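Just so we're aligned: the sequence shown equals residues 1 to 263 in the UniProt record's numbering. In what follows, a structure is listed as structure tokens, so that the remarks can point back to it.
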Amino acid sequence: MGALRLGAAWRAHLRDAADCVPRHARVPLAWRGQRIGSVEPDLFLRAGLEGDPLLVSRGGAWEIPGELTPSLAQIAFVLRDKGLAHTWRDEQIAVRNEAGALLGTVERALVRPLGIATHAVHLVATDPRGGHWVQQRAFDKPTDPGLWDTLVGGLVPASDSQDEALARETWEEAGLRLAQVQGLRHGGRLLTRRPFRELAHGYVVEFIDWYACTLPAGVEPANQDGEVADFRCMAPAEVESLLEGEGFTIDASLVMVAAFGDP
């Protein structure tokens, strides 16, 4: 239900956009021998942190020698004051090594400049007739303003489990409790790696867990947090047109193809 017919050339373009090398060379960012992200080689020099005990340049990488979370907090304030951070959120994001072990946390504004991997949840929804419930992102959002998105989507903060983040985002963005939807299922996990449009020295590394459900007749989303401009239930043909016209975010495009794209 709700199958989307999307051209092979567009799919190839999406794959390229979603898994793309950085605009400029990057070097590893590590903590006690464990890689946690990547940065442009001169980022910390531009921030005035050369020679600062918070960071050591060694073997073509930047290393954080001190306790991870407090050190990242200090680095965050410096980058913010130098205009090198993204929008400040007062939200902590988990920092993990390449094996997925939790090492510490960092202010959300730092994850793209430092190339730290993030974790997001998305929920796609159809109505009983096969229409697609989608949201238009608020025009004042710091990332992808005004683009169309899945019904629900957001980062998992360090304070939430994956399930908690899904439930919270579903309420905040769509005003729905998970008990109100039908056939909720976990669809899979995707990975995107690409330059960050909103910050020249940023790089996105994000794991996306997506879910699918049906909204019963008479159940409609209603935004609670001011981050959504509009909700619409679109026919598949309209979704196809917007996807191929780059009217959806890259993340949403990946999820919609995974959930509804014809093989």
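Here a beta-carbon is modelled for each residue, glycine too, at the ideal position from N, C-alpha and C. As the structure is a prediction and not an experimental result, all values here were calculated from the model.
Residues near residue i by beta carbon distance below 7 Å, same chain, minus five either side
i	result
Arg232	Val134
Lys141	Glu227
residue 308	Since the first residue shown for the chain is 1 and the last is 263, residue 308 is missing from the structure and cannot be characterised.
Thr105	Thr69, Gln92, Ile93, Ala94, Val95, Ala158
Phe260	Gly2, Ala3, Leu4
Residue burial classification, residue i (beta-carbon count within 10 angstroms, cutoff 16)
i	result
Asp209	buried
Arg189	exposed
Val228	buried
Gly37	buried
Val21	exposed
Glu67	exposed
Glu173	buried
residue 336	Nothing can be reported for residue 336, as the shown portion of the chain is limited to 1 through 263.
Leu84	buried
Pro216	exposed
His24	exposed
Leu43	buried
Arg132	At residue 132 the sequence reads His, which differs from the Arg that was named. The residue is buried, with at least 16 neighbouring Cβ atoms inside 10 Å.
Asp47	A quick correction: the sequence has Ala, not Asp, at residue 47. Its Cβ being crowded by 16 or more others within 10 Å, Ala47 is buried.
Leu45	exposed
Leu191	exposed
Arg185	exposed
Contacts around residue i, its chain only, beta-carbon distance under 8 Å, and the 5 residues preceding and following it disregarded
i	result
Arg89	Glu107, Arg108, Ala109
Minimum C-alpha distance to residue i - residue among the options
i	options	result
Leu199	Gly51, Met234, Glu40, Pro28	Glu40
Thr126	Leu166, Gly7, Pro195, Gly183	Gly183
Asp19	Pro195, Glu220, Ala222, Asp262	Pro195
Ala73	Arg58, His201, Gly2, Ile93	Ile93
Ser71	Ala179, Pro236, Trp31, Pro216	Trp31
Ala101	Ala138, Leu166, Ala158	Ala158
Leu178	Thr192, Leu29, Asp163, Gly187	Asp163
Ala207	Gly115, Leu176, Ala167, Glu244	Looking at the sequence itself, residue 207 is Phe, so the reference to Ala does not match. Cα-wise, what sits closest to Phe207 is Gly115.
Asp160	Leu29, Thr118, Gly245	Thr118
Leu254	Ala47, Pro65, Gly175, Gly153	Gly153
Pro113	Gly59, Gly245, Leu29	Leu29
Gln180	Arg197, His201, Gly218	Gly218
Pro145	Glu220, Gly104, Asp230	Asp230
Asp225	Ala259, Tyr203, Glu91, Arg168	Arg168
Gly60	Glu91, Ala258, Arg26, Val156	Arg26
His86	Leu6, Thr143, Glu244	Thr143
Trp171	Ala222, Ala8, Leu191	Ala222
His201	Gly187, Gly130, Val111, Leu166	Val111
Nonlocal neighbours in the same chain, by C-beta distance under 6 Å from residue i, ignoring five residues either side
i	result
Gln34	Asn97
Glu246	none
Ala212	Val124, Arg185, Gly187, Ala259
Neighbour flag for residue i against chain D, beta carbons, 7 Å
i	result
His201	Absent here is chain D; the protein component of the structure consists of one chain.
Taking one C-beta from the stretch 149–162 and one from the stretch 118–129 each time, how about it: are there three or more such pairs within less than 8 Å? yes
Taking contact to mean 3 or more Cβ pairs, one atom from each stretch, closer than 8 Å, check whether the stretch 4–14 and the stretch 247–257 are in contact. yes
Return the chain-ordered ranges of every alpha helix (DSSP H) run that is complete within the stretch 75–115 and spans a minimum of 4 residues. None, since the stretch 75–115 contains no complete alpha helix (DSSP H) of that length.
Should the stretch 71–90 be regarded as contacting the stretch 50–58, the criterion being three or more beta carbon pairs within less than 8 Å? Segment contact: the stretch 71–90 against the stretch 50–58, three or more CB-CB distances shorter than 8 Å; contact assigned.
Whole runs of the beta strand (DSSP E) within the stretch 216–251, excluding any shorter than 3 residues: 228–234
Ignoring anything shorter than 3 residues, give me the beta strand (DSSP E) runs that lie fully in the stretch 7–75, in order along the chain. Listed in chain order, the complete beta strand (DSSP E) runs (minimum 3 residues) inside the stretch 7–75 are 27–31, 34–39, 56–58, 61–64.
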